[in-house]
Amino acid sequence: MPAISFQSVSKQYSTPRGVLQALDGVSFDIAQGEFFGLLGPNGAGKTTLISILAGLARATQGRVLVDGSDVQTDFAAARRKLGVVPQELVFDPFFNVRETLRIQSGYFGVRNNDAWIDELLEALGLADKASAGMRQLSGGMKRRVLVAQALVHKPPIIVLDEPTAGVDVELRQTLWQFIARLNREGHTVLLTTHYLEEAEALCSRIAMLKKGRLVALNRTSDLIRMAAGNVLRFKVDGELPPALAAQARITGRIVQLPAPDAAAIEQFLAEVRQAGLTVEDVEVRKADLEDVFLEVMATDQSAAGGHRWQSPV
Amino acid sequence: MTGWQTLFYKEVLRFWKVGFQTVGAPVLTAVLYLLVFGHALEDHVKVYDTVSYTAFLVPGLVMMSVLQNAFANSSSSLIQSKIMGSLVFVLLTPLSHWGWFAAYVGSSVVRGLAVGLGVFAVTALFFAKLSFVAPWWILVFALLGSALLGTLGVLAGLWAEKFDQMALFQNFLIMPMTFLSGVFYSIGSLPPFWQAVSHLNPFFYMIDGFRYGFFGVSDASPWLSLAIVGGAWLAVSALALHLLRIGYKIRG
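Protein chains in written order, with the working numbering: chain A, 104 to 416; chain B, -8 to 243.
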């Protein structure tokens, strides 16, 4: 049985400007024990999908199963199995860290949970903040408490919605070490993030959403293999010719172009020289998840091309 | 503890941690009402032959405090946690709509009774001699009244999206209805039209029935008051349970 099963999930919102299709027939399964990444640009529907999974929103059509329990009709069983770290940095200002965790544990009917609470505080570097009021904590510390709250009832499935947005490097590493440990111990992890190198390093499988539709679903290594192969990267001192600019990813002076073979590389550099530009720091590197992501997002998914990125299983 | 008991405990802890504001302040307000109105009107207003005006005023003020604070508890907790976003911690739990209802209404009853007892202790000990003709009626109306207002607070807390909308509910509905329910006067002293209007106000029956427990006299029969207040509570409870079940304005 899959840990999470999304089955033709659609979500429409009525807005003053008409109906917004936030999700359009999204179907995929996440296996037990997987470290799964859900990627997509802002507004692609990632948070909506996670909200439906967590019971914070309802699907207009389709259904979601958590370990076989329907998140609507059998919500209590489904929610017991989920530990959700919300995207927004929210907290209850009336309580200190330990009270917050005891209360969250109690909501799930888990009593006398101090041993596990202490372990969580220790693992997340919060041990010396246990009696600090939530209001006094820095943003990073509040984020750690959110993670501890999600894990306090020992859920087998952990859902993290952009847990590292605006978080410093140290906390990101602490957090990922801890989550990776939980994954090794058998927890299923569903992660959404904007940091593609994080997703590439952590997730064994990845789904990509674009405008509410599933546009890629595959093992991370296969996705990267299916990408252009190599990328030509160089710095340039002026504006690229339009034909070239259209294919390139440009960050300030840095230009990156998908380059399947040596002939393509020669061709690109020749065009740049003809335009009278000076090229510096030329290198050719392997394509990474970010290149795949950009390529998938640039593809017109109304065409059948979308299937290229989805594994046949 | 099961889940709802934790939510109940959390809601009680929430107001208790700011007890000066949630319990102390309303007790002081009620005592000031008693001092000012009691002093100004004691010799001028006669409500019941056997009861002094100040003694008449005490149960009314106690009940008004119970009702207003029961409403304030559930409504302000819900609107605050909706706006701060911390309601998500409860939304993510397996708690059923019954659990939500029991916790939010139960904690409102506790806050209402805590304030009511405070007002009662100060006013009855220092200002007026009271009788307790039918103590069960006192308890029944205190519990039912605070539960009814706690439930209304749940409805208001679910419905309101901004503090401004909550203030609308509080200041333009709850406040006038408690004030115009016979806290400060017997409706027998009103002109016939306003007497009839008062009989349409459910708050009147809560205060009238509560006062019956002290003096054994009232404007309406305590049984009629019980039926109306109990019926009103069942009706708003059914609505609140339905809205909690469908996640009205809290689940997208």
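Glycine included, every Cβ here is placed at the ideal spot set by N, Cα and C. The structure displayed is predicted, hence computed values, not measured ones.
Quiz item: Are any of the Cβ atoms in chain B nearer than 8 Å to that of residue 171(A)?
Solution: With respect to chain B, the C-beta atom of residue 171(A) has no partner C-beta closer than 8 Å.
Exercise. Can you tell me which of the three DSSP states residue 407(A) falls into?
Key: At residue 407(A) the pLDDT is 41, less than 50, meaning the model places this residue with poor confidence and gives no usable figure here.
Exercise. Please confirm whether residue 102(B) and residue 13(B) have their CB atoms less than 8 Å apart.
Key: Yes, Cβ-Cβ distance for residue 102(B) and residue 13(B) is below 8 Å.
Quiz prompt | Residues, ordered as in the chain, of the segment 193 to 220 of chain A that lie near chain B by beta-carbon distance below 7 Å | solution = If you check each beta-carbon in the segment 193 to 220 of chain A against every beta-carbon of chain B, the ones closer than 7 Å belong to 193, 194, 195, 197, 206, 207, 209, 210, 211, 212, 214.
Practice problem: Note down, in chain order, each residue of its chain lying with its Cβ closer than 7 Å to the Cβ of residue 226(B), except the 5 sequence neighbours on either side. | Solution: No residues qualify anywhere along the chain.
Quiz item: What span of residues does the beta strand (DSSP E) with residue 186(B) cover, start to end?
Solution: Annotation: residue 186(B) is outside any beta strand (DSSP E); the continuous alpha helix (DSSP H) that includes it extends over 183 to 189.
Quiz item: So, helix, strand or coil for residue 385(A), using DSSP?
Solution: DSSP places residue 385(A) within a strand segment (E or B) once states are collapsed to three.
Quiz prompt | Separation of residue 357(A) from residue 197(A), as counted between CA atoms | solution = Cα to Cα, residue 197(A) sits roughly 49 Å from residue 357(A).
Exercise. Look up residue 44(B) in the DSSP assignment and say whether it is helix, strand or coil.
Key: DSSP places residue 44(B) in helix when its eight states are reduced to three.
Quiz prompt | Beta-carbon proximity list for residue 120(A), same chain, < 7 Å, skipping 5 on both sides | solution = So the list is empty, once near-sequence residues are dropped.
Exercise. Determine the direct distance from the alpha carbon of residue 133(B) to that of residue 104(B), and round the result to whole angstroms.
Key: Those two C-alpha atoms are separated by around 7 Å.
Exercise. Spatial neighbours of residue 384(A) within its chain, please: CB distance less than 7 Å, with the 5 preceding and 5 following residues excluded, ordered by chain position.
Key: Here the set comprises 337, 338.
Quiz item: Distance, Cα to Cα, residue 156(A) vs residue 166(A)?
Solution: C-alpha separation (whole angstroms): 9 Å.
Exercise. Starting from residue 5(B), find everything on chain A with Cβ-Cβ shorter than 9 Å and list it in chain order.
Key: Those are 195, 197, 198, listed as they occur along chain A.
Quiz item: From the DSSP output, which residues share a beta bridge with residue 149(A)?
Solution: The beta-bridge partner set that DSSP reports for residue 149(A) is empty.
Practice problem: Could you tell me which of 282(A), 264(A), 243(A) sits nearest to residue 257(A), measuring between CA atoms? | Solution: Measuring from the Cα of residue 257(A), the nearest candidate turns out to be 282(A).
Quiz item: First and last residue of the beta strand (DSSP E) that includes residue 318(A)?
Solution: It spans 316 to 322 - the beta strand (DSSP E) in which residue 318(A) sits, taken as one unbroken run.
Quiz item: Does the count of Cβ pairs from the segment 66 to 81 of chain B and the segment 182 to 195 of chain B closer than 8 Å reach three?
Solution: Segments in contact, no.
Exercise. Find the residues of chain B that neighbour residue 252(A), judging by a C-beta separation of less than 7 Å, and give them in chain order.
Key: Residues of chain B passing the Cβ test: 80.
Quiz prompt | Local Cβ density within 10 Å of residue -3(B), reported as buried at 16 or more and exposed below that | solution = Residue -3(B) should be labelled buried.
Exercise. Could you name the residues of the same chain whose beta carbon sits closer than 6 Å to that of residue 181(A), not counting the 5 residues immediately before and after it, in chain order?
Key: The answer, listed in chain order, is 169, 172, 174.
Exercise. Return no unless some Cβ of chain B is closer than 8 Å to the Cβ of residue 183(A).
Key: The beta carbon of residue 183(A) falls within 8 Å of a beta carbon belonging to chain B, placing the residue at that interface.
Quiz item: So is residue 199(B) in contact with chain A if we call contact Cβ pairs under 8 Å?
Solution: Taking Cβ atoms only, chain A never reaches closer than 8 Å to residue 199(B), which makes this a no.
Quiz item: Can a CB atom of chain A be found closer than 8 Å to the CB of residue 87(B)?
Solution: Under the Cβ criterion of 8 Å, residue 87(B) is counted among the residues facing chain A.
Quiz item: Based on the DSSP output, what are the partners of residue 190(A) in its beta bridges?
Solution: DSSP lists no partner for residue 190(A).
Quiz item: For residue 117(B), which of 232(B), 25(B), 239(B), 9(B) has the nearest alpha-carbon?
Solution: Measuring from the Cα of residue 117(B), the nearest candidate turns out to be 25(B).
Quiz prompt | Beta-carbon separation (whole angstroms), residue 49(B) vs residue 115(B), contact threshold 8 Å | solution = Contact between residue 49(B) and residue 115(B) holds: CB atoms are separated by about 6 Å, below the 8 Å threshold.
Exercise. Using the Cα positions of residue 406(A) and residue 146(A), report the straight-line distance between them to the nearest angstrom.
Key: Any reading at residue 406(A) needs caution, since the residue's pLDDT is 41, under 50, leaving its predicted position unreliable; the model's value is listed next. If I take the Cα positions, the gap works out to 21 Å.
Quiz prompt | Buried or exposed (CB count within 10 angstroms, at least 16 for buried), residue 416(A) | solution = Residue confidence is low: residue 416(A) scores 49 on pLDDT, short of 50, so the model does not pin down where it sits. No coordinate-derived value is stated.
Quiz item: Quick one: Cα of residue 137(B) to Cα of residue 246(A), how far?
Solution: Cα to Cα, residue 137(B) sits roughly 38 Å from residue 246(A).
Quiz prompt | Residue-chain proximity (residue -3(B), chain A), Cβ-Cβ < 8 Å | solution = So yes, residue -3(B) belongs to the interface.
Quiz item: In chain B, what lies closer than 8 Å to residue 161(A) by C-beta?
Solution: Near residue 161(A) (Cβ distances below 8 Å), the residues of chain B are 238, 242, 243.
Practice problem: Report the neighbours of residue 144(B) on chain A: residues whose CB is nearer than 9 Å to its CB, in chain order. | Solution: Residues of chain A whose Cβ lies closer than 9 Å to the Cβ of residue 144(B) do not exist; the shortest such Cβ separation is about 18 Å.
Practice problem: Identify which residue in 249(A), 305(A), 236(A), 361(A) has its Cα closest to the Cα of residue 187(A). | Solution: When only C-alpha atoms are compared, the closest one is 249(A).
Quiz item: Under a three-way DSSP split, which group does residue 117(A) fall into?
Solution: In this structure, residue 117(A) counts as strand in the three-state DSSP scheme.
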